[in-house]
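Single-structure report; data block below.
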Amino acid sequence: MGFDFNYMLEVLPTLFYASRFTFYLTLVSTFFGLILGLILAVINYYEIRILNPLTKLYLFVIRSAPLIALLYFFYYGVAMYSEFVRNMNPLNAVAIVISLTAGGFMAESIRGALLSVDEGQKDAAYSLGMTDGQLMKRVIIPQATRIAVPSLFNNVISITKMTSLSFVLGVVDVMGAARVQGSRTFSYFEIYGAVIIVYLVIIGVLSVIQRYVAKKSSEAY
Amino acid sequence: MTKNVIEIENLSKNFGDQKVLEDINLTIKDNEIVAIIGPSGTGKSTFLRTLNHLNEPTTGKITVGDVTVDAASYTKKQVQQLRMQSSMVFQNYNLFKNMTALENVMESLVTVRNVNKKEAREIALEQLERVGLLDKKDAYPSRLSGGQQQRVGIARALAVDPKVLLFDEPTSALDPMLVSEVLQTIKKLVETDHTTMLLVTHEISFARDVASRVIFMNEGRIAADGTPDEILSNPTDKNLQQFLNINQY
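Protein chains in written order, with the working numbering: chain A, 358 to 578; chain B, 94 to 342.
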């Protein structure tokens with residue numbers, strides 16, 4: 358039994374079609390992850406009382422717990438006590454868990470970028486009479502964005518790959534579609550070869566965009 | 094009688110257990126050009142920065158223009174008002190990296206003082222012309238030499254028409270080749286402008302050249318205070334004599 362190249366080409370369109378869930382989950386998780394990440398990073402940056410230790414604990418949990426454990430914990434564990442989670446469709450459940458995870462990872466990227474803005478910039482802003490808010494808006498965020506973009510893009514690439522775990526909750530994404538195909542034909546070699554190709558294409562496109570954005574932001578000033 | 098622009102009473106500053114500034118009392122009159130000299134690590138820069146509350150004093154009262162901040166109790170608003178009385182030129186220029194030369198000079202007018210953009214732009218262009226950098230108005234700091242950055246820093250400080258200009262070792266981060274362009278810019282200011290200036294500097298001959306008063310700081314205190322002639326030509330303080338000898342003035 359050799360490698361059936363034609364079969365692989367045959368399943369590719371199905372898998373690419375299933376990647377719409379990959380895109381959806383990546384977009385949603387990136388969006389909410391960014392918002393959450395920014396909030397966590399600002400709490401950490403200003404060392405806001407009470408919230409800062411909680412943020413650190415959150416980051417520790419997110420960094421340490423495997424995504425699959427978080428997915429099961431949320432979708433099967435929390436569901437036992439929450440009507441809301443019980444009635445949730447798997448796609449939304451995955452979106453929530455990956456957003457929470459993405460928020461943790463993005464918080465680290467944003468925090469690093471905020472800290473990279475040097476003290477002299479703050480001295481100058483304060484000395485001109487700026488308030489903390491003006492300093493944040495006019496100086497720190499614009500400068501930190503430029504630093505954060507490349508690493509945030511790495512986060513997006515990780516998020517894209519994280520979404521491949523959504524099939525464990527029953528989402529028929531690329532991996533889910535592959536499993537359906539596999540149970541029918543048992544041609545795992547071809548099917549998972551095709552899965553890898555789908556991800557290479559998606560991540561490849563993202564990497565090209567990343568390189569372009571990184572180049573643009575390093576040329577900015 | 095000229096009025097006092099700066100009044101400092103019992104100013105002290107500790108970093109932990111270390112006393113950096115000890116009981117400084119000083120008044121500076123309108124139009125005075127004061128050079129502050131002294132060995133490294135004696136609190137010259139810290140002193141200048143406390144005038145802008147970039148370093149918080151531990152105790153003491155600071156008055157600049159018509160705003161007083163007492164270390165014992167003050168509000169954020171008072172600190173902001175105090176800062177708006179003066180302008181600071183930094184050792185490392187500290188231009189906003191995300192803004193062009195022109196935007197740097199306009200920034201505090203637009204953001205802090207609510208001057209409309211058109212007017213702010215005119216003021217900024219005028220100031221850039223004064224420091225001879227009109228042709229660099231659209232350049233980001235990363236495209237400017239150290240000397241040019243510092244001249245933009247001076248333009249930014251001048252734009253808000255401050256009562257006092259504070260210079261924190263404005264040339265010590267510069268290549269020797271670039272020092273003179275900045276010193277010339279400052280000298281021109283002294284001749285044409287009548288703003289009160291405080292300069293922390295290691296350029297002793299420059300201090301003699303432009304200052305109307307020289308303060309020698311040593312170990313967190315004002316050790317000598319007088320005319321350039323008194324301080325630099327006929328020093329009586331032992332430490333000052335030693336300092337001037339080392340600096341081969």
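In this text, a Cβ means the ideal position worked out from N, Cα and C, and glycines have one as well.
Taking C-beta to C-beta, are B/PRO263 and B/VAL182 nearer than 8 Å? Yes.
Inter-stretch contact at 8 Å, needing at least 3 Cβ pairs: the segment 215-231 of chain B / the segment 243-258 of chain B: Segments in contact, yes.
Comparing alpha-carbon positions, which option in A/SER376, A/ALA436, A/LEU509 and A/GLY434 lies nearest A/ALA398? Answer by Cα proximity: A/LEU509.
On the DSSP bridge assignment, give the partners of B/ASP261 in chain order. DSSP, once it has assigned bridges, lists B/VAL293 as partnering B/ASP261.
To which residues of the same chain is A/LEU473 closer than 6 Å at the C-beta, ignoring the five residues directly before and after it? The residue asked about is misnamed: residue 473 of chain A is Ser in this sequence, not Leu. Sequence-distant partners of A/SER473 (beyond 5 residues in either direction) whose C-beta falls short of 6 Å from its own C-beta, in its chain, are ILE504.
Given 8 Å as the limit, is there contact between the segment 178-192 of chain B and the segment 480-493 of chain A, that is, 3 or more CB pairs closer than that? Yes, since at least three Cβ pairs between the segment 178-192 of chain B and the segment 480-493 of chain A fall closer than 8 Å, the two stretches touch.
For B/THR285, which of helix, strand or coil comes out of DSSP? In the structure shown, B/THR285 sits in a helix (DSSP, three-state: H, G or I).
Under 7 Å between beta-carbons, which chain B residues line up against A/GLY477? List them in chain order, please. Contact of A/GLY477 with chain B by beta-carbon distance below 7 Å involves PHE183, ASN185 and ASN187.
Hey, B/ARG301 and B/PRO321 are a contact pair by Cβ (cut 8 Å); roughly how many whole angstroms apart? Indeed they touch by this definition, with Cβ atoms about 5 Å apart.
Counting only C-beta atoms, is B/LYS190 closer than 8 Å to chain A at any point? The beta carbon of B/LYS190 sits closer than 8 Å to some beta carbon of chain A.
Pull up the CB-CB distance for B/GLY131 and B/PHE336, whole angstroms please, since I reckon it's below 8 Å. The pair is a contact, with the Cβ atoms about 7 Å apart (cut-off 8 Å).
When you compare the CB of A/THR387 with every CB in chain B, is at least one pair closer than 8 Å? Closer than 8 Å: no.
Let me confirm a value: B/GLY134 is counted as buried when at least 16 other C-beta atoms fall within 10 Å, else exposed. Which label applies? Its Cβ having fewer than 16 others within 10 Å, B/GLY134 is exposed.
Just by C-beta distance, which residues in the segment 236-252 of chain B are closer than 7 Å to chain A? Taking 7 Å as the Cβ-Cβ cut-off against chain A, none of the residues of the segment 236-252 of chain B qualify.
One question on the structure: do A/LEU395 and A/ILE467 come within less than 8 Å of each other, judged by their Cβ atoms? Against a cut-off of 8 Å, the Cβ pair of A/ILE467 and A/LEU395 comes out as a contact.
List the residues of chain A whose Cβ lies closer than 8 Å to the Cβ of B/ARG176, in chain order. Within chain A, the residues TYR483, SER484, LEU485 and GLY486 have their CB atoms less than 8 Å from the CB of B/ARG176, given in chain order.
6 Å CB neighbourhood of A/SER460 in its chain, flanking five on each side removed: Per the sequence shown, the amino acid found at residue 460 of chain A is Gly instead of Ser. Excluding residues within five positions, the ones whose Cβ falls inside 6 Å are GLY390, LEU393 and GLY394.
So is A/GLU440 buried or exposed if we call it buried at 16+ other beta carbons inside 10 Å? Per the 10 Å Cβ criterion, exposed.
If you reduce the DSSP assignment to three classes, tell me which class B/MET192 lands in. In the structure shown, B/MET192 sits in coil (DSSP, three-state: anything other than H, G, I, E or B).
What residue range is occupied by the uninterrupted alpha helix (DSSP H) comprising B/PHE309? The continuous stretches of alpha helix (DSSP H) do not include B/PHE309, which lies in the beta strand (DSSP E) extending over residues 306-311.
DSSP on B/ARG223, reduced to helix/strand/coil? Of the three classes helix, strand and coil, the one that applies to B/ARG223 here is helix, per DSSP.
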